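A quick write-up on the structure given underneath.
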Amino acid sequence: MMRQHLLITSSLCRASALGGLLFVLGGFLSPAQAVPRNLSPTSQLHVQSHLPVGYVSFVNDVEPTLTRLGCNQGACHGSQYGKGGFKLSLFGTDSDLDYIALTRQAKGRRVNVADPIHSLILLKPTMTVPHGGGRRLIPGSSYYYTLLHWIQEGAPGPNPNEPKLVSLSVTPSEKVAYKGSSPFHIIVKATYSDGSVRNVTSLANINTIDDGVASCTPDGVVRAVGSGQTPIMARFGGLATVCIVMVPYPSHAPYTPQTAGYHANPADPDQKIADEIDALVEQKQKALHLSPSPICSDRTFIRRVFFDLIGTAPSPREIEEFVASKDPNKRAHLIDTLLNRPEYADYWALKWADLLRVNRNDLQVKGMWSFDNWLHNEIQQNVPIDQMVRTLILAEGSTYTNGPANFYRVSHDPSEMAETTSQVFLGVRLQCAKCHHHPFEKWSQEDYYRFAAFFARIGQKGSQDFGIFGNDTVVYVRDDGEVVNPATGKVAPPVPLGVHLAALEKDGKYNPDATGDRRLILANWITSPQNPWFATNWANRYWAYMMGAGLVNPIDDLRVTNPPTNPPLLNLLTHTLVQFHFDAKHYLRVLCLTRTYQRSSRATVDNAKDTLFFTHYVPRRLPAEVLSDAIDKACGTTPHFGGLPAGIRAIDLPDPNVGSDFLNIFGRPQRLTSCECERNETPNLSQALELMNGNDINNRVTSPDGRIAKLIKSGASDNAIINDLYLATLGRLPTQRERDIILGALIFSEHREHVFQDVLATLLGTKEFIFNH
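Structure follows, in structure tokens:
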């Protein structure tokens, strides 16, 4: 059958009957053309439509065809200024604009209803005439006939009465595949407002997220190529969905849960939840043929949980007492003790201050201290997360006397306020939707500006309550103010994300300003237990803080096309946080009780390549402030930061403008954005040099008031000093080989303290010290 070589003359294509016949025949072209059939709304799985037979929809057929062919991508006509004088909306999200560009501009040559085959929309992409974008369209393909038939029908524009796309699904939604096995196909289906379901696989944009795990053709043919898990992303009509592909790892031994050394207290009501969490973690591991590492030792656990919960190193005495304890529930008791120590509030206030960008450059010194003190007090009193967020959203008043009012001082306009609120509190990155439809999500410009409209009436004014040079700012709610969508030129009404304005207006009573503060609607919606993002966002963030990686990564980028590695687990964690009424301490306690958290960081031959499924604790470098404090504690020195009293630790610092070259070298964030990515914990050469021969480290190690000087002055033996140095840095005693090396060096040294200083400096530069493991 040689239809792929069929030559079509202009006279033939002018005959509507034959044109329609060719449109039908186009569905049976040879697979050699590598272009599957473009199914029209009249030939789908189930269609109940009022549209006439043979009707080609501009929105549901033409726009998706242009998207599939790549015509409206950012590198082509969908770029900011288009290409060659022809501009389309990115991914076909503005049908009215695209219709005008196709049918009215360029003197109507792009779409020629009088002579369809000579329309530039057909001639250019088939390279019948020169085209800068190369060949995009194959004559005789189903895509070609979709465009041709649409033009033959008179190129009808967007029809407000035709069915609207409401959801997108993929079959299968999850698949276990094996490396070397036969490929499988995924089917993408679109559901419309009239209840019809359409197979849109040939029109969807289908891509793999990780081609090291599974490859995917544009037509949805998936093949397993490596081990792990990856989403296969399908986009159509501004919506997106994914198929999760799991490729098991090569197994060297039967799955073993590895529970030796783990003590579960059945009388502890939180233990049941911890067990449920572990069961879901291990279920995923088993499916992927991954066996977890053993439970970590007591020495490892105490050091790990100290750093993770309070950002502080345990003392040698605390370590030895914990290891010596025979209490079977000592790990749970230690967790409870740490959650009630003052350092807990210090450390978690630091994390929140990073997210909320507490810094004097934006807030002035008084505003900065006011905001930081408020955060510390809220966390110290264990105020639930939802209540803290509600207070921040509804904040107003003096930024010097009302700390949370500074939330609006950091952001300078409704757009920035909306982006910060969405990313920090919901884990949703809206930035892309400011200029165009989000390329990997359902968010449109309309969604963006309607969300920003909640902040349109936030005003700021100066105040002289603290003197004429006090520079105080008062945040207040104005009586007017709106946000205009630049794409439409219309005022955007305030609407929460994912909520349809029509649903709010159905009873004719939606008045966002009825209470005098439209933010009240936003605060109620964001902190609602039914909010699909709020609880999930915080459950995922806190999990990542404790486990070293989120179930969604990056942890502040929740979207359909960035699915969790273990959806049932994330659902359970979300439910647990809601069940605890957003009590952060209670939630953290449960996480610390799990086997998942208490596993060794030492990988096995079966799980060495795992970075996503928590078969072992993920080692990570200590945050800059925590590392600095740990060095001070190991050296027995008192921290000094300019302008602050001696003894103020790094985790207590209110903002990044307190000078410290050490903290800057080790990735302290400058709090310019609300992205978790601003804190850089990646090791680099500057850090290695600082630890090897930096003046800061040298001064702490050799301090006349430091640990070594005091130990020598106390008359401690060489072995006692060696033990103390190892416990203060690595949380363990030295091996016999390590001890022998140090004792040998002492024999040949005239200056005993110099040997111990070298030992301490060396320990401070080891991975075992600078990483939490």
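Under this note's numbering, residues 8 to 780 are what the sequence shown spells out, in order.
We put the beta carbon where it would ideally sit given N, CA and C, even for glycine.
Note that the structure is a prediction, hence the values are computed from the model and not measured.
Contact under 7 Å by Cβ, residue i with residue j
i	j	result
P301	S693	no
L576	A542	no
D656	P646	Here residue 656 is Arg; the residue named in the question, Asp, does not match the sequence. In contact: R656 and P646 (Cβ atoms closer than 7 Å).
A4	V498	Because the chain is modelled from 8 through 780, residue 4 falls outside the range shown and cannot be assessed.
M375	V390	no
S126	I158	yes
E632	I672	no
L734	I193	no
P661	D379	yes
L97	H445	no
V796	V195	Past the edges of the chain, shown from 8 to 780, lies residue 796, and the structure says nothing about it.
T266	T237	no
V559	N578	no
Option nearest residue i by Cα separation, candidates the options
i	options	result
C599	Y269, D524 and K720	Y269
V204	S222, P321 and V173	V173
I213	T495, K717 and V249	V249
T397	F314, A521, R526 and L287	The question names Thr, yet the displayed sequence has Arg at residue 397. It is R526.
A352	K592, P71 and S86	K592
N614	P335, S681 and S234	S234
L737	V207, D703, T709 and F778	F778
T7	R739, L370 and F621	The structure shown does not extend to residue 7, since the chain spans only 8 to 780, so no value can be given for it.
N413	D659, R143 and Q467	Q467
S418	G140, L679, Q387 and P711	L679
F620	T72, R75, K293 and R311	K293
Identified DSSP bridge partners for residue i
i	result
E181	I251
A241	I213 and T248
A546	DSSP, once it has assigned bridges, lists no residue as partnering A546.
T736	Beta-bridge pairing links T736 to no other residue.
Y199	L172
V498	V491
N336	Paired residues: none, contrary to the question.
Terminal residues of the beta strand (DSSP E) in which residue i lies
i	result
Y483	D479 to V484
V417	Run containing V417: none in the beta strand (DSSP E); it sits in the alpha helix (DSSP H), F414 to V417.
G469	I465 to S470
V228	V228 to A231
A356	Premise fails: A356 lies in the alpha helix (DSSP H), P349 to L362, not in any beta strand (DSSP E).
R205	V204 to N206
S721	No beta strand (DSSP E) holds S721; the alpha helix (DSSP H) holding it covers R714 to S721.
Unbroken alpha helix (DSSP H) run spanning residue i, endpoints
i	result
N578	P574 to Q586
I704	N702 to V708
A281	P276 to A294
N384	R367 to Q387
S149	S149 to Q159
N687	Where N687 is concerned, there is no enclosing alpha helix (DSSP H), given that its DSSP letter is neither H nor E.
C599	A591 to L600
C1	Outside the displayed range of the chain (8 to 780) lies residue 1, so it cannot be described from this structure.
V162	Contrary to the premise, residue 162 reads as Ala rather than Val in this sequence. Counting along the chain, A162 falls outside any alpha helix (DSSP H), and DSSP gives it neither H nor E.
Through-space distance from residue j to residue i, alpha-carbon basis
i	j	result
H761	G643	16 Å
A556	S189	32 Å
T522	V484	11 Å
M395	I533	12 Å
H259	D617	14 Å
M699	L771	9 Å
L345	Y517	47 Å
Y604	D285	9 Å
I15	T153	Note on I15: pLDDT 30, under 50, position unreliable in the model; the coordinate value appears next. Taking the straight line from one Cα to the other gives about 15 Å.
Y549	V597	11 Å
R306	R759	29 Å
E688	S635	13 Å
G515	L104	31 Å
D393	E448	26 Å
N384	L595	19 Å
G797	K358	Any question about residue 797 goes unanswered here, given that the chain covers just 8 to 780.
D343	R609	26 Å
N544	P261	35 Å
V766	G227	59 Å
Q87	G496	18 Å
L29	M240	Because L29 carries a pLDDT of 33, less than 50, the predicted location of this residue cannot be relied on, and no value is offered for it.
T133	Q537	50 Å
R117	G92	12 Å
Any non-hydrogen atom of the ligand GTP within 6 Å of residue i CB
i	result
A281	This structure simply doesn't include the ligand GTP, nor any ligand for that matter.
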